[in-house]
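Notes for the one structure printed next.
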Amino acid sequence: MTLEALLGGLSPATLSIALALVFGASVVRGLTGFGLAIILVPLLGLIVEPAEAVVISILLQLLAGPIGLKRILADGERATAIPISVAAVLATPFGVWLLSVTAPDVARLAIALLALAAFGLMFVPAKEGAIPGRKETLATGIAAGLLTGFASMPGPPVVPFYLRRKLPPDVARASMLMVFFATAIAGSIASFALGVANLHLLWLSVLFYPALYIGTRLGELAFGKVSEPVWRTLVGIILGVAGVAAVVRLLN
5 MTLEALLGGL SPATLSIALA LVFGASVVRG LTGFGLAIIL VPLLGLIVEP AEAVVISILL
65 QLLAGPIGLK RILADGERAT AIPISVAAVL ATPFGVWLLS VTAPDVARLA IALLALAAFG
125 LMFVPAKEGA IPGRKETLAT GIAAGLLTGF ASMPGPPVVP FYLRRKLPPD VARASMLMVF
185 FATAIAGSIA SFALGVANLH LLWLSVLFYP ALYIGTRLGE LAFGKVSEPV WRTLVGIILG
245 VAGVAAVVRL LN
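Residue numbering for the sequence shown follows my numbering, beginning at 5 and increasing consecutively.
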């Protein structure tokens, strides 16, 4: 396979835009623990097919999983992250199948709406209390798995599960990253098994890895240096802009 074929006909300008999108989304991921797919998929899906954007995002999350993994495993809330991850892994193949049978325009609209939903969930009032019950935990995992397969977006159900409980930012961030690594593994396997992923998309993901790594590390450096209110506000603004931009571009 030639280099041109591996790049899928992307021009240097388009490739540069894609690299910039990956870098920016990776900074947000490193800072907050989520946001990579919520930002990347709607915008990247405007320059490649929506299904390709989803697969690239899944593969990038797989590549990003080992970055800072030791700290993630130490800080994460395993009592909830593990059952959510198990449920999500089992549900992910069904989401991939749904993506494979959905028309591109419908997929673009659904992904844009998911990005806006994630923005809206940032404003759900926080709550304090014990660990949620088994039903809520498993429902969160199933929803995360379906959204991983369909849109590479496990965040909308997982983010409020942790952020609304007023957990320390380091615990919430690590717990979410544990779940997202598990869903990325499941999503990658399911994507290849169902024929949604291919060598071209794998190559693009590897090509994007330097931007992913540098962006994630920069975000990690910023994590902990901002207050929690500022942390939440920045994330809300970024997710809101991503969702609105995706809808505007879709309508145009």
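Where is the CB? At the ideal position from N, CA and C, for every residue including glycine.
DSSP on residue i, reduced to helix/strand/coil?
i      : result
Leu171 : coil
Ala201 : coil
Ile241 : helix
Gly228 : coil
Phe127 : coil
Gly223 : helix
Leu14  : coil
Met157 : coil
Gly145 : helix
Ile135 : coil
Between residue i and residue j, what straight-line distance do the alpha-carbon atoms span, to the nearest angstrom?
i      : j      : result
Val31  : Leu225 : 10 Å
Glu232 : Ala178 : 15 Å
His204 : Ser195 : 13 Å
Ile62  : Ile43  : 13 Å
Val93  : Ala190 : 5 Å
Leu151 : Lys139 : 18 Å
Val110 : Asp79  : 38 Å
Arg168 : Gly99  : 26 Å
Gly240 : Gly223 : 16 Å
Ile146 : Pro54  : 22 Å
Ala17  : Ala116 : 24 Å
Leu171 : Leu25  : 29 Å
Leu48  : Ala22  : 7 Å
Glu81  : Thr141 : 12 Å
Asn202 : Val59  : 9 Å
Ser15  : Val52  : 12 Å
Leu19  : Pro136 : 43 Å
Ala91  : Leu50  : 31 Å
Gly124 : Gln65  : 23 Å
Gly69  : Pro108 : 28 Å
Thr84  : Leu208 : 33 Å
My guess is that residue i and residue j are in contact by the Cβ rule of under 8 Å, so how many angstroms apart are they, rounded?
i      : j      : result
Leu113 : Tyr213 : Their Cβ separation, rounded to whole angstroms, is 30 Å, which puts Leu113 and Tyr213 out of contact at 8 Å.
Arg33  : Thr220 : 6 Å
Val183 : Val163 : No, Val183 and Val163 are not in contact; Cβ-Cβ is about 10 Å, not under 8 Å.
Gly28  : Leu181 : Not a contact, Cβ separation roughly 18 Å.
Ser192 : Ala41  : Incorrect: roughly 13 Å between the Cβ atoms, too far for contact.
Ser104 : Val200 : 6 Å
Ala188 : Gly149 : Their Cβ separation, rounded to whole angstroms, is 11 Å, which puts Ala188 and Gly149 out of contact at 8 Å.
Quiz item: Which runs of the alpha helix (DSSP H), 4 residues or longer, sit entirely within the segment 37-124?
Solution: 40-48, 54-68, 73-79 and 82-104
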